[in-house]
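Chains as they are written, first to last, in the working numbering: chain A, 10 to 122; chain B, 17 to 129. Glycine included, each C-beta is placed from N, C-alpha and C at the ideal position. Keep in mind it's a predicted model, so treat the numbers as computed, not measured. Written out below as structure tokens is the structure these notes cover.
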């Protein structure tokens with residue numbers, strides 16, 4: 010019944026590896042997002058997709074590539090992981106044009122060693 | 017661009033104390049305003065929201081009023097509980113269908129018995 014679900018919840022990997030985080034929402038929303046939360050709890054948007062189309066792409070290294078196969082899914086692939094990529098990554102969804110807030114997933118804690 | 021400035025903590029209170037977390041914003045037009053809460057080890061949950069000037073959002077004993085004249089959305093609770101210990105984020109979503117949610121830096125609250 011989870012509205013926005015992310016997998017995995019925890020991810021520990023070595024520098025240089027490639028990894029993916031998956032996100033799915035069953036709310037019928039048309040827009041999905043990826044946020045990064047650093048060690049100081051600061052939240053910064055990375056990407057946003059509306060109906061599978063990229064609409065927000067903040068200043069994020071090219072090693073990060075989002076993919077949206079349909080409007081209910083938004084995955085995040087990260088190539089050549091670096092120590093500085095260690096953070097908690099949150100997926101979220103919303104319905105465009107409503108002025109409502111976002112519904113967030115429970116987060117994926119990525120640790121690069 | 018849109019931005020949110022909120023009190024930075026951490027803040028420690030005793031149970032039943034009064035809580036105020038200040039939040040001011042910069043935005044064009046009429047944004048929607050939100051307070052999110054993040055309990056330890058969890059994702060973000062929407063606590064309350066207000067979508068137009070003078071609206072008051074309330075939930076779980078917390079309340080905040082959208083003040084356009086002072087561009088503020090301060091969060092208050094009359095009597096905090098230990099279970100309110102969390103990180104609180106003020107956020108803004110601008111007008112327009114694809115406007116992103118912009119967060120303040122978050123404030124960690126610890127309530128002691």
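- Residue 104/B counts as buried, since no fewer than 16 other beta carbons sit within 10 angstroms of its beta carbon.
- Burial state of residue 19/A is exposed, judged by a 10 Å Cβ sphere holding fewer than 16 other Cβ atoms.
- Taking a contact to require three or more Cβ pairs closer than 8 Å, the region 40-56 of chain A and the region 89-104 of chain A qualify as touching.
- The beta carbon of residue 73/B sits no closer than 8 Å to any beta carbon of chain A.
- Secondary structure remark: continuous beta strand (DSSP E) runs of at least 3 residues inside the region 22-62 of chain A, in chain order: 28-34, 40-46, 52-59.
- Taking a cut-off of 8 Å on C-beta distances, the region 111-121 of chain A touches the region 20-35 of chain A, as three or more cross pairs fall below it.
- Residue 63/A sits exposed, since fewer than 16 C-beta atoms from the chains shown fall within 10 Å of its C-beta.
- When Cβ-Cβ separations below 8 Å define contact, residue 109/B makes contact with chain A.
- Taking 8 Å as the CB threshold, residue 111/A lines the interface with chain B.
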